[in-house]
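Heads up, the sequence shown is in my numbering, so the first residue is 1 and it goes up one at a time. For each residue, glycine too, the CB sits at the ideal point set by N, CA and C.
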Amino acid sequence: MKKTSDKIKPDWHWGTPEGSREFDRLVDRGMTFRETLAWLEEAETLALRMAAGGLRKREGSTGSDGR
């Protein structure tokens, strides 16, 4: 059985907002429930890491002049 990504042909239209949503729907249709859960967990982990990194950067950026 071929993966969904093997069946999807690239299209310039995916560079537009509407095309991006269309591409997401195509990919989502081929994902199993477990794959979707794994993707959501990875996205949450990334978001938490980015938030923590931004917080550390803001806390560490205060110099002697208070900026």
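Is the beta carbon of residue j closer than 8 angstroms to that of residue i?
i: SER20; j: TRP12; result: no
If you run the structure through DSSP and keep just helix, strand and coil, what is residue i?
i: ASP24; result: helix
i: THR36; result: helix
Buried or exposed for residue i, please, with buried defined as at least 16 other CB atoms from any protein chain shown within 10 angstroms of its CB.
i: LYS2; result: Its pLDDT being 48, under 50, LYS2 is placed unreliably by the model, and nothing is read from it.
Report the CB separation of residue i from residue j in whole angstroms; it is logged as a contact under 8 angstroms.
i: ILE8; j: LEU37; result: The pair is not a contact, with the Cβ atoms about 22 angstroms apart (cut-off 8 angstroms).
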